[in-house]
Amino acid sequence: MILNTLQSRLPTYGHRSIQGPRSIKKVDEPVYGLLKSLDDSTVRFISGVDGRNFAQTNAGIGANEFHNRVAGFITDCRGEKAEFRGGSFHRLLGPDVVRIYNRNQDVYKAEAKYPRRFELVRDYLPKKGTMLDWGLGDGGFARFVQDRTELKVAGCDVIDWRSETAKQIPFYRLDSHLSVLPNCKDEQFDTVVLMYVLHHIDPQDLPQVLEEVMRVCRRNVIIVEDIFGVEKTDAINLCPISREFAALPHDSQLQVIKMRDYLRNIVMFGIEDMNMPFEFQPIDQWHGIFYKQGWKIADTKVVGFNSADSWCNTSFNAVFNLKK
């Protein structure tokens, strides 16, 4: 997804639509520094993976051509900052390709994104009861779970931007630090799910957030996170992309997940106000944080990348099932 460092907002998350290049904000500065420091192995990994993924959207561009364009763009961005500021998604791929890609987003979410996320947490969900999606977003995942289980699903977020198809999902508003749910009772929900949320929380706020999560939870907490610090042996039974990622140096692994997270949220989906402290951790660091909060780790599952190579695949994932 380095391609999307181009400062246009790729679209289609819920009711959001494609827009033109935006001005660089404070959060972009450390990303620009990261972009300039990317080592060659990281560039090859990101552009290669996303070339294969992008080709699957049938957007009229092959994987090799896409790979070459992305690699060329990264090379340009290592030069003058003006190139980085002035780039656009249209400039890299052209408006026709963008248009086709946008049309495929609804298909992607229905056939890849939500099913993938559901598979990650399915084994840890109760058969019946209540679930809170902490970091609801457009509500698509919550709706997907509700339609396929007997769970009563609600969601919470800093702002309410549920899509029209998810308006029936009950919504609870968080404060600006994702740390307080004033309208929720103690142990109101059997299960709380946090999908790619914790790395967006500033370190000083994380203990309060985790405390509030456990306060409203009755049974278990399911956390999905992008991780680094992965060894080759961790990925030996995973898909080829996961094994390729595990072969990178740990510093390069961190570069990959930082860039993919930034580009996915800020550039592609246009969520400009999302907090981006990049608080990614290796598995043992997450375990230490959870133990410090007094939680029991019932299970940890290393799942890596999506073996289907879906476009806009997240990153190297781990799933934590936690109990009081």
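Following numbering that gives the first Met the number 0, the numbering of the sequence shown begins with 0 at its first residue and continues without gaps.
Here a beta-carbon is modelled for each residue, glycine too, at the ideal position from N, C-alpha and C.
I believe Arg116 touches Met194 by the beta-carbon criterion, under 8 angstroms. Please report the beta-carbon distance rounded to the nearest angstrom.
6 angstroms
By the DSSP assignment, the beta strand (DSSP E) with Pro113 in it spans what residues?
Strictly speaking, residue 113 in this sequence is Tyr, with Pro absent from that position. Per DSSP, Tyr113 belongs to no beta strand (DSSP E); it is in the alpha helix (DSSP H), Tyr113 to Val120.
Evaluate His198 with the Cβ neighbour count: other Cβ atoms within 10 Å of its Cβ, from every protein chain shown; 16 or more gives buried, anything less gives exposed.
buried
Would the stretch 178-191 and the stretch 208-223 be scored as touching if the rule is three or more Cβ pairs under 8 angstroms?
yes
Does any CB atom of chain B fall closer than 8 angstroms to the CB of Val223?
Although the question refers to chain B, the structure presented lacks it and comprises just one protein chain.
Determine which residues share a DSSP beta bridge with Val223 and list them.
Met194 and Val318
Under 8 angstroms between C-beta atoms of Ala297 and Lys322:
yes
Name the residue from Phe140, Cys183, Lys184 and Pro181 whose alpha carbon lies nearest to the alpha carbon of Ile168.
Phe140
Please list the terminal residues of the continuous alpha helix (DSSP H) segment that includes Phe289.
Ile282 to Lys291
Determine whether the beta carbon atoms of Pro206 and Gln292 lie at a separation below 8 angstroms.
Taking C-beta atoms as the reference points, Pro206 and Gln292 count as a pair closer than 8 angstroms.
Test item: CB-CB of Ala165 and Arg142 under 8 angstroms:
yes
Would you kindly work out how many angstroms separate the C-alpha atoms of Glu79 and Met130, rounded to a whole number?
Residue confidence is low: Glu79 scores 45 on pLDDT, short of 50, so the model does not pin down where it sits. No coordinate-derived value is stated.
Are there 16 or more other CB atoms within 10 angstroms of the CB of Ser325, so buried, or fewer, so exposed?
Absent from the model: residue 325. The displayed extent of the chain is 0 to 323, so no value can be given.
Drop a sphere of 10 angstroms on the beta-carbon of Arg259, count the other beta-carbons inside from all chains shown, and report buried for 16 or more, exposed for fewer.
Looking at its Cβ environment, which holds 16 or more other Cβ atoms inside 10 Å, Arg259 is buried.
Of the choices Ala317, Val192 and Glu243, whose alpha-carbon is the least far from that of Ile282?
Ala317
C-alpha gap between Lys126 and Val42, whole angstroms
43 angstroms
Report back the beta-carbon spacing between Phe319 and Phe244 to the nearest angstrom; my notes put them in contact at under 8 angstroms.
Between Phe244 and Phe319 the Cβ distance is about 19 angstroms, and since that is not below 8 angstroms, they are no contact.
Please report the straight-line C-alpha distance between Val302 and Pro239, rounded to a whole angstrom.
Cα to Cα, the separation comes out at about 12 angstroms.
Please report how far the alpha carbon of Lys300 lies from the alpha carbon of Asp225, in whole angstroms.
Using only the alpha carbons, I get a separation of about 12 angstroms.
Limits of the alpha helix (DSSP H) - the one that Val301 falls within:
First-last for Val301: Lys295 to Gly303, but that is the beta strand (DSSP E), not the alpha helix (DSSP H).
Tell me Met213's beta-bridge partners as DSSP assigns them.
DSSP lists no partner for Met213.
Just to check my reading of the structure: Asn150 and Leu124 have Cβ atoms closer than 8 angstroms, yes? What is that Cβ distance to the nearest angstrom?
Looking at the sequence shown, residue 150 is not Asn but Leu. With a beta-carbon spacing of about 7 angstroms, Leu150 and Leu124 fall inside the 8 angstroms limit used to define contacts.
Find the nearest neighbour of Glu163 within the set Pro276, Gly138, Ser178 and Arg172, judged by alpha-carbon distance.
Gly138
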